[in-house]
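> Pasting in a structure now, in structure tokens, and then I'll have a few things to ask.
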Amino acid sequence: MDNRESELAEIRQKLKMLLVDNLNLQDVTVEQIQDDAPLFGGAIGLDSLDAVEIVVILQRHFGVEIKDMDVGRRVFQSVSSLSEYIYEKTRA
Amino acid sequence: MRERIAITGLGVVSAAGADAASSLATLRAAARPAWVPCPVADLPVAMPMFAAAGGFPAIDRTFHLAREAALQALRDAGLEAPPRGFRLGVCLGTTVACQLNDIDFYRAYRTCGQPALGAAERFAAGGLSERVARELGAEGPVLTVVNACSSGSDALGVAISWLRCGLCDAVVAGGADELSAIPASGFFALGVTSPEPCRPFDRDRQGLNLGEGAGMLVLERASSAGRRGRPVSLVAAGFGAAADGYHLTAPHPEGLGLELAVRAALADAGIGPEAIDFVNAHGTATRENDRIEGGVLARVFGPQARVVSTKGHTGHTLGAAGGIEAVFTALALREGWAPASVGFENRDEAIPFAPLTAAAPVLRDYALSTSLAFGGNNAAVVLGRQGVSS
Amino acid sequence: MNLTGLGVVFAGGAGVPALRGALASGVPPAAVPYGREGVPALAVPAAALAGNPLLAPARRADRFCKLAMAAALEAWEGCPADPARVGIILATAFGPHATVFRFVNDMLDFGDAKASPTIFSQSVHAAAASMIASAAKIRGPVLNLADLALPFEEALALAGCWLEEGRCDAVLAGAADELSDVLAHVVRRFWGDRFVPGEGAAFFRLERTGGARLALGCEVAPGAALRLVNEGGLGADVPVECDAAGAEAPPGALTPFWGSTRLGAAFYLAAAEVMRRDGRLLPGGAPLTDGRIEVLSACGLRRRVIALGE
């Protein structure tokens with residue numbers, strides 16, 4: 006359990022850095038992104054173009070494919086949900 | 032009284048045919064041209080694309096497509112050898128030909144820093160309109176529109192403005208684009224391409240197919256056409272364009288800019304929605320475009336709107352689309368029938384109408400062609416026929 | 003048509019005061035070694051864009067967009083026209099080519115199927131004017147054009163048409179071009195050290211009344227107070243005829259202030275407007291008599307004269 010939690014934390018941190026850099030989030034720092042905060046339509050306010058960019062980020066940096074944007078919509082809710090999906094697809 | 036703008040020549044090449052006559056046959060037969068799996072980029076799924084009929088070289092392809100359609104239009108207009116002092120303008124739209132985007136050139140630059148300069152020299156020969164103007168010996172204004180997917184329609188708008196302000200006697204106007212790796216890769220990355228032939232307005236549509244070609248019209252002041260003894264049976268009656276001001280790739284959720292553009296085009300033509308017989312829609316078959324565009328057209332023309340997308344025959348030809356679709360619209364008015372919207376089978380409940388499922392006689396004198404672009408520009412062109420009792 | 007607003011960004015900084023300061027000092031910005039090969043060029047300094055308040059809401063704007071936006075939004079400030087009746091025309095020679103190459107980098111590095119969709123959207127020529135429209139909430143017609151000969155001159159002519167037709171009540175017409183490693187390399191390969199390439203943007207707010215009169219033609223007219231000759235930039239033509247009928251500077255005299263560019267007419271017109279507002283010739287400071295300032299351009303047989311003021 007400990008192992009899983011620490012790996013998830015690592016994924017969350019890496020993901021936040023990638024989001025800030027690749028999506029050019031100018032007013033948001035890595036520390037300010039809360040794990041469970043809604044990524045779309047919340048304070049961070051990502052949009053449809055960010056969604057397809059996240060698909061590419063997942064491919065390049067985690068080797069995870071999203072074939073279907075319906076899966077994407079479910080999984081992209083928050084940094085937590087994204088991280089868990091990445092963990093499932095790569096470690097489990 | 033503002034002078035009428037005649038359409039005195041038409042030229043077109045696409046997957047639907049190598050010229051206007053063969054394109055008409057394809058539209059009449061509601062035939063799906065053969066498609067090729069993306070021939071220009073390495074994609075994991077075979078994305079259908081629509082190559083232009085006729086043999087065009089791989090190098091400088093957009094210029095050759097543009098030149099062919101321009102010459103067809105000029106021949107049609109009897110302007111292969113224009114009278115002395117005739118001011119011919121050239122306004123073409125494109126998305127591929129305006130960029131120094133030769134991948135081999137750039138790969139060589141990246142690796143060894145000293146690429147062969149062929150691609151740069153071709154680029155330095157000038158914008159697409161400049162090169163075609165030079166080829167034609169045209170002496171009027173010259174402008175290459177780079178408005179992404181609405182370029183061809185916007186080019187017609189520029190031509191109309193030039194002619195109304197008397198900057199020239201006639202304009203070769205339209206658009207051209209070739210199948211190219213960069214948009215293939217880019218549209219795939221955006222998740223809007225379909226792994227099957229596109230289905231505009233259909234409930235199960237999965238996205239767009241890319242295509243290539245060129246569509247050109249000769250627009251001419253009616254007085255000039257008269258002096259040359261050309262009959263005026265088709266006119267460019269009006270144009271409207273408006274920006275969503277909303278997002279880099281997604282259209283405004285209520286189609287704000289498109290509605291403004293359509294209403295502006297109707298007002299520019301001095302007609303109301305009831306005068307429009309049919310609409311040649313942008314209809315790319317992406318989920319967003321067709322839903323939003325459908326909503327706007329239903330609001331303006333009612334749920335009984337007669338709408339067709341010809342992208343089932345040509346794919347989305349980007350900068351050429353507005354030109355090709357204006358030519359198809361003009362042909363439909365001239366021949367007296369609007370084509371069926373190929374690729375449609377089942378009504379999408381989120382769209383207030385179904386497009387035309389069979390060719391239908393044209394009963395009113397005007398038709399509308401719409402284009403929506405990346406970055407939110409929207410353009411609408413009203414074409415009309417004259418001297419026909421409806 | 004009438005010129006009622008001006009915006010500019012160039013090697014000397016962002017804003018009309020920066021252009022006035024540079025011209026008044028008589029000292030052009032220094033060319034600096036640019037990019038991979040250190041080609042001397044007149045690049046826009048980073049400080050002109052970073053922290054520029056006009057660019058605040060533009061998360062997705064690439065450098066080309068930022069250049070265009072900085073100039074356009076400066077020219078736009080205070081415009082009273084209804085945004086639904088305002089148009090935008092952006093002319094360029096090379097467009098957002100740095101972004102096109104960033105996208106091709108992605109294709110080469112990650113494969114055709116795994117390139118960044120965001121970079122692709124920015125690489126499309128239409129992005130810049132679209133971002134200007136979003137920032138200013140402009141809803142009228144928006145046109146991007148790309149040509150190598152007289153692109154800005156054609157943009158101005160079209161703006162005049164839109165106003166004359168009643169299609170718009172105001173038009174933001176301008177020009178923008180950016181540098182990149184590839185462009186600097188090509189310039190060097192084609193022309194060696196002959197040209198010092200520049201980058202930047204200049205935008206003009208045009209309306210039917212107010213400000214100063216602006217007219218376009220193909221011939222010079224006698225009695226100009228000042229005639230500025232745009233030498234064409236990057237291998238394009240110098241206008242043949244420059245007969246003196248008033249104070250005049252040799253062809254390309256002001257080009258060192260912004261660099262060799264196919265958009266020269268836009269920067270010369272910006273300089274002309276700065277001088278007209280100040281009522282004096284810059285550099286030098288000699289009083290400028292009231293009257294017309296002409297900017298001349300040419301390409302082959304096509305000649306354009308932009309006349310500013312009465």
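Those sequence lines, one after another, are chains A, B and C. Under the numbering used here, think of the first position of the first sequence as 6, with each following residue one higher. Under the numbering used here, think of the first position of the second sequence as 32, with each following residue one higher. Under the numbering used here, think of the first position of the third sequence as 3, with each following residue one higher. Glycine is no exception: its CB is placed at the ideal position from the N, C-alpha and C atoms.
Residues of chain B with CB closer than 9 Å to the CB of A:V61, please, in chain order.
By Cβ distance, chain B contributes A220.
> Going along the chain, which residues of its own chain have a beta-carbon closer than 7 Å to the beta-carbon of C:F96, five neighbours each way excluded?
Result list for C:F96: D179, L185, in chain order.
> For B:Q145, count neighbouring Cβ atoms within 10 angstroms of its own Cβ and tell me buried if that reaches 16, exposed if not.
So B:Q145 ends up on the exposed side.
> Measure the C-alpha to C-alpha separation of B:W193 and B:C199 and round it to an integer number of angstroms.
Spanning the two alpha carbons is a distance of roughly 7 Å.
> The region 270-302 of chain B: which residues have C-beta closer than 9 Å to a C-beta of chain A, in chain order?
Correct list: H278, L279, T280, A281.
> Kindly list the residues whose CB is nearer than 6 Å to the CB of B:A61, restricted to its own chain and excluding five residues on each side of it in sequence; keep chain order.
For B:A61, where only same-chain residues beyond five positions count, the Cβ hits under 6 Å are A371, V373.
> Tell me whether the beta-carbon of C:R294 lies closer than 7 Å to the beta-carbon of C:G311.
It is a contact, given that the beta carbons lie within the stated cut-off.
> Beta carbons nearer than 9 Å to chain B: which residues of the region 183-213 of chain C have them?
Going along the region 183-213 of chain C in chain order, one finds D183, V184, L185, H187, V188, R191, F192 with a Cβ nearer than 9 Å to chain B.
> Below 6 Å CB to CB, which residues in the same chain sit around B:A391 once its five sequence neighbours on both sides are set aside?
Closer than 6 Å at the Cβ level, and outside the excluded window around B:A391, lie A369.
> Measuring from the CB of C:D292, is there a heavy atom of the ligand MG at a distance below 6 Å?
Within the structure as shown, the ligand MG is missing, as the structure has no ligands at all.
> For the beta strand (DSSP E) holding B:Y397, just list the boundary residues, first then last.
Run containing B:Y397: 397-403, per the beta strand (DSSP E) assignment.
> Strictly below 8 Å CB to CB, what residues from chain C border A:R65?
Near A:R65 (Cβ distances below 8 Å), the residues of chain C are F112, K116.
> Following the continuous beta strand (DSSP E) through B:A62, name the residue where it begins and the one where it ends.
Looking at the DSSP string, B:A62 is not in any beta strand (DSSP E), and its letter there is neither H nor E.
> What does DSSP give as the partner residue(s) for C:N332 in the beta ladder?
Outside the displayed range of chain C (3 to 312) lies residue 332 of chain C, so it cannot be described from this structure.
> If we cut at 7 Å on Cβ distances, does A:L54 have a partner in chain B?
Closer than 7 Å to some Cβ of chain B, the Cβ of A:L54 qualifies, so yes.
> Would DSSP call B:T125 helix, strand or coil?
Here B:T125 sits in coil by DSSP.
> So, at 8 Å on beta carbons, what are the nonlocal neighbours of B:H95 in its own chain, with the 5 sequence-adjacent residues on each side left out?
Answer for B:H95: F87, P88, listed in chain order.
> So, with DSSP's three-state summary, where would you put B:M247?
Strand at B:M247.
> Does DSSP classify C:P224 as helix, strand or coil?
Looking at C:P224 - three-state DSSP - the assignment turns out to be coil, as it is neither helix nor strand.
> Nearest-angstrom Cα distance between B:M78 and B:V67?
Distance between the alpha carbons of B:M78 and B:V67 is about 8 Å.
> Ordered along the chain, which non-local residues of its own chain (more than five positions away) have a Cβ less than 6 Å from that of B:R251?
Residue 251 of chain B is actually Glu in this sequence, not Arg. Around B:E251: A37, T39, A201.
> Does any residue of chain C have a CB that is nearer than 7 Å to the CB of B:I404?
Note that residue 404 of chain B is Ala in the sequence shown, not Ile. Closer than 7 Å: yes.
> Among the candidates B:G269, B:H344, B:A296, whose CA atom is the shortest distance from the CA of B:E34?
The candidate whose alpha carbon is nearest that of B:E34 is B:G269.
> B:N178 versus chain C: which residues are under 7 Å apart at the beta carbon?
By Cβ distance, chain C contributes A128, L145, N146.
> Measuring straight from C-alpha to C-alpha, what distance separates B:P226 and B:A220?
Cα to Cα, B:P226 sits roughly 13 Å from B:A220.
> Using C-beta distances below 6 Å, list every residue in its chain close to C:S118, excluding the 5 sequence neighbours before and after it, in chain order.
D108, listed in sequence order.
> Between the alpha carbons of B:D91 and B:E319, how many angstroms are there, rounded?
If I take the Cα positions, the gap works out to 33 Å.
> Grab me the residues of A:T95's own chain with a C-beta within less than 8 Å of its C-beta, minus the 5 sequence neighbours each way, in chain order.
F67, G68, V69, listed in sequence order.
> Assuming B:A47 and B:H344 make a contact with CB atoms under 8 Å, what is their CB distance in whole Å?
4 Å between Cβ atoms; contact.
> Using a beta-carbon distance below 7 Å, is A:V69 in contact with chain B?
It does not: the Cβ of A:V69 has no partner Cβ on chain B nearer than 7 Å.
> Would you grab the beta carbon distance between C:E155 and C:A226 for me? Rounded to a whole angstrom, and I think it's under 8 Å.
In fact, because the Cβ distance is near 17 Å, the residues do not count as touching under 8 Å.
> If B:V203 sits next to B:A357, beta carbons under 8 Å apart, how far is it from one beta carbon to the other, in whole angstroms?
At roughly 13 Å, the Cβ-Cβ gap does not stay under 8 Å, so B:V203 and B:A357 are not in contact.
> Run down chain C in chain order and give the residues with a C-beta less than 7 Å from the C-beta of A:V57.
Per Cβ cutoff of 7 Å: P119.
> Using the C-alpha atoms, what's the distance from C:A52 back to C:F197?
Going from the Cα of C:F197 to the Cα of C:A52 covers about 28 Å.
> Taking C-alpha atoms, which residue in C:A131, C:I134, C:A100, C:R141 lies nearest to C:I121?
Of the listed residues, the one whose Cα sits closest to C:I121 is C:A100.
> Would B:I425 pass as an interface residue toward chain C - the criterion being a Cβ-Cβ separation below 7 Å?
The displayed coordinates of chain B run from 32 to 421. Any statement about residue 425 of chain B would go beyond what the structure contains.
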